[in-house]
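Here the structure is laid out as structure tokens; the discussion comes afterwards.
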Amino acid sequence: MYEEMKDKMKPVMDMAEINKKTTEKLIALQSQYVSDFVNASLSQMKTLSGTKEPKAAFEAQVKYLKEVEAKLTEVAEKEMAALTEAKEELTSIVEKAASELSTTPYFAELQKFMKPMDVKAK
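So for the sequence shown, UniProt numbering puts the first residue at 1; every next one is plus one.
So this is what it looks like as structure tokens:
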């Protein structure tokens, strides 16, 4: 009985593992981005404080903002890839579970009763 329950809960456990793995990946990406952002900001402050010419300061700031934008875009793309991968894995599990569920004798019997109701509703 324990093994049967364990088998029935496997899709749920697999989904929880996918969610855990995806969350860990997203947290790691965000942590690295924040760390990089803080370090880049400190470096930029140091650069700007040593700059005497307004034009040089402006150019340094433009360069810095372009680098920040590129890093943010890179992180966002990695996050979207992680979320897309998780969605595909979860969809696969749900589809497999749904197809197995429809072959269960109980649901097969239930579907017999549901079909006439669908016809009456129309």
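Idealized CB from N, CA, C, for every residue including glycine. As the structure is a computational prediction, the values presented were derived from the model and not from experiment.
Across the structure, Y2 and E100 are spaced so that their CA atoms are roughly 19 Å apart. The residues A57 and A60, in chain order, have a CB closer than 8 Å to that of T51 in the same chain once the five nearest residues on each side in sequence are set aside. Check the Cα spacing between N39 and each of Y64, E24 and A16: the tightest is with Y64. With respect to A86, T22 sits close: the two C-beta atoms are nearer than 8 Å. Between D36 and K71 a beta carbon distance of about 6 Å is seen, short of the 8 Å cut, so the two are scored as contacting.
The C-beta distance from I27 to E89 rounds to 18 Å, too long to meet the 8 Å contact threshold. In this structure, the alpha-carbon of M9 lies about 11 Å from that of A16.
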